[in-house]
Amino acid sequence: MRTLISGATCVLPAGQARVDVLIEGGKILGIDPPKGVQVDETIDAHDLILIPGVIDDQVHFREPGLTHKEDLRTATRACAKGGVTSFLEMPNTRPTTTTVERLSEKLQLASERCFVNYGFYIGATPTNLAELQAATRTPGIKIFIGSSTGDLLVDEQEALERIFAETTLPICAHCEDEATVRANSQRLNGGSTYEDHSLIRDEAAAVIATKRAIDLAIRHRHRFHVLHVSTAAETELLRDPQGLITAEVCPHHLFFNVDDYERLGSLVQMNPSIKTSADNEGLWLALKQGRIQVIATDHAPHTLEEKQQPYPKSPSGLPAVENSLALMLDSVNAGICSLESVVQWMCDAPARVWDMVGKGRIAEGYDADLVLIDLNKKQTVRNENQQTKSGWSPWHGVTLHGWPVRTIVRGRTVFLDGRFDEEVRGAEIQFDHSRGGYWSQS
Ligand code: DOR
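With our numbering applied, the sequence shown covers 14 to 455.
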């Protein structure tokens, strides 16, 4: 089947251009093909913009084991609606993804259930070095240097040294210092308001752990990706002349701060916690200056019932995959950043950080994972329209300007103007770690 996407303005690696895009066999066959080329289907995309599909490199989709919150079908419907064509999922499911066998089981499950492309991290424990060394079908190793949802935690120095010294896969980590979090929590008797969450998981907790992890990476010359940077202070640590360190920020840390607890309560309780408006500004600056390369959501759904429990029983995390691109397009319309930067942060950079084959760009030979966006469309986020099983969004009631309207996975339309084709399946993302990561690839 040959498809021509005709008339769209395309965000190409070299910039925007009004060119047609020819697709065949799930791949991009040509950019700007000769007029009159024979095709089976033409998608008229005048007045729309074509971008590569969003790659979300940090999500929690809860299957197996926590499927009352979310599962791979509901989560990937949400992805399709949000313009996310590929995701990398975290190991804190039940059971945890901490062995090669569990990783294979997850990949098998995903092949049956996912509407978009998938990859899964292998989680580190203090004792699973051999599994981390044997894993191949994975973007990399996830370490919870600070604990979060679930019981994955590696915070002893000796165990961390061993993981950085004796593994070759890229590593990413949740960086909040466990000792600092515990001491803060004790001082506040465990905390009693949602605001206390940001006092317990404070700036120092984030900075100490991020510093510690970067130090490990530099000493062991190991590629390392800092997940969900939440403070301006951490961004000062992200000046890396050796080309080993990359970093990520989430929309909630760009758009929310401690002033939002009053309105949103536990809906904006997550780990790392939201910080101050000065941190929002510092994170934006680091993105624009290239010290943070990636935007990802840390999509972490819990039911509203769970969230509405009093602090500290209320769990941390929020769902975001179906609104992250629209939030950033809204920022484009507000003049905060360019569309090219959004594509760089959400599509191109994550593909390069994790050495994905054929992802993140509109270029000949790349996978036909594409999104048509309407920069003029205004739509209000509503809990009742969310595809996530959790059924809510912290952006409920917010009108965003700029939305994905059609999502194409491997050449097939999975989402179009509010409707889904549930026959479409994503594929396992291929990683070629000999590429050397973000700083080795142009
Ligand atoms: O707030 C969070 N929730 N942060 C994490 O790192 C984990 C996540 C979850 O799985 O609920």
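Even for Gly, the Cβ is constructed at its ideal location relative to N, Cα and C. The model shown is predicted, which means the values in this text are computed figures rather than measured ones.
Relative to G330, the option among P46, V52, V72 whose CA is nearest is V72. Distances between the C-beta of N130 and the heavy atoms of the ligand DOR are all 8 Å or more. Taking C-beta atoms as the reference points, N141 and T181 fail to come closer than 9 Å. The Cβ atoms of D368 and D445 sit closer than 9 Å to each other. The shortest CA-to-CA distance from D190 to any of T206, V167, F177, K82 is the one to V167. Between the ligand DOR and G449, a heavy atom-to-CB distance of less than 8 Å is absent. Between P152 and G136 the beta-carbon gap is near 12 Å, outside 8 Å, which marks them as no contact. Distance from the CA of V52 to the CA of E37, rounded to the nearest whole angstrom, comes to 9 Å.
Per the coordinates, the alpha-carbon of P254 lies some 10 Å from the alpha-carbon of I231. Partner residues in a beta bridge of E249, as assigned by DSSP, do not exist. Counted as a single uninterrupted DSSP element, the alpha helix (DSSP H) harbouring A147 occupies residues 142-147.
If the five residues before and after A440 are omitted, its C-beta is found closer than 7 Å to the C-beta atoms of N130, R423, all from its own chain and listed in chain order.
Pairwise C-beta distances place the segment 49-63 out of contact with the segment 79-93, as fewer than three of them are shorter than 8 Å. Not one heavy atom of the ligand DOR is found less than 8 Å from the C-beta of H59. The C-beta distance from L296 to V242 rounds to 7 Å, short enough to meet the 8 Å contact threshold. In the DSSP secondary-structure assignment, G136 is bridged to K155. With a cut-off of 8 Å, the C-beta of T111 is classified as distant from the ligand DOR, since no heavy atom of the ligand falls inside that distance. Rounded to whole angstroms, the Cβ separation of Y134 and P108 is 14 Å, and the two are not in contact under 8 Å. In its chain, beyond the 5 residues on either side, I18, C23, I41, I44, L63, I375 have a beta carbon closer than 7 Å to the beta carbon of V34. Using a Cβ distance threshold of 9 Å, I386 and W416 count as a contacting pair. Using a 10 angstroms sphere on the CB of H266, the tally of other CB atoms reaches 16 or more, which defines it as buried. Following the DSSP letters along the chain, one finds R425 inside the beta strand (DSSP E) bounded by residues 425-429. Your pair C127 and G159 does not check out as a contact, with CB atoms roughly 29 Å apart and the cut at 8 Å. Of A123, L352, H81, H59, the smallest CA-CA separation from L101 is found for A123. With a cutoff of 9 Å on beta-carbon distance, L257 and F237 are scored as near each other.
Q306 is a Cβ neighbour of Y451, given a cutoff of 9 Å.
Contact between A219 and P285 is confirmed by a C-beta separation of about 5 Å, below the 8 Å threshold. Per the C-alpha coordinates, the member of P314, V394, L300 positioned closest to M359 is L300.
Looking from the CA of T289, the closest CA among F268, I308, Q302, L277 belongs to F268. For S198, the closest of D215, C185, R419 by C-alpha to C-alpha distance is D215. Comparing alpha carbon positions, the residue from P65, A339, G20, M14 closest to P26 is P65.
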